[in-house]
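Structure first, commentary second.
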Amino acid sequence: RTDRFIPNILEETVDGAVNKYWHIENRVWVGDSLRFHVNHQCFMLGSTYTISLRARFAGKTHPVTYWFEIKGETTGGYKYNKPLYCPQQSAADGWVTCSGDFVVDENYEFTSSP
């Protein structure tokens, strides 16, 4: 695609502390989100991992749902695992932390990272 968005790193000071965050605007596709490559070989089968993220939505008058997704390649194609679903959130909520644990099972056995 040629219409890719470009996230920016911004910062704001809240209660004397500097908060750096990724800012995304002009999303045109539901998958236009932050992406990071995770080395699938770091996952240990049977281990429990904790995911924690903070999100804030601006300009949204209706609540939106979001999640943390781990993508990996398998012999049958790409697999998209969603180990963390976050509650609905709107602009009025400000910064909200969403956290949870997940256990690495056979669903996280990838042949290579995305």
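FYI, the numbering for the sequence shown is -14 to 99, going by the numbering used here.
For every residue, glycine included, the Cβ atom is placed at its ideal position computed from N, Cα and C.
Query raised in the report: Excluding the five sequence neighbours on either side, which residues of its own chain have a C-beta within less than 6 Å of the C-beta of His8, listed in chain order?
Result: Asn(-7) and Leu(-5)
Of the choices Tyr70, Asn92 and Glu91, whose alpha-carbon is the least far from that of Ser84?
-> Tyr70
Requested in this report: Output the distance between the C-alpha atoms of Arg39 and Trp14, rounded to the nearest integer angstrom.
Outcome: 21 Å
Notebook entry, point to check: Given a threshold of 16 other Cβ atoms within 10 Å of its Cβ, counted over all protein chains shown, does Ile55 qualify as buried or as exposed?
Noted result: buried
**OP:** Locate the beta strand (DSSP E) running through Gln73, then write down its first and last residues.
**Re:** Gly62 to Gln74
*Who are the near neighbours of Phe28 in its chain, counting only those whose CB is closer than 8 Å to its CB and skipping five residues on each side?*
Tyr34, Val89 and Tyr93
Closest residue to Ser18 among Gly79, Phe53 and His47 (Cα-Cα distance):
Phe53
Using 7 Å as the threshold, is the C-beta distance between Phe95 and Gly61 below it? no
DSSP on Ala40, reduced to helix/strand/coil? strand
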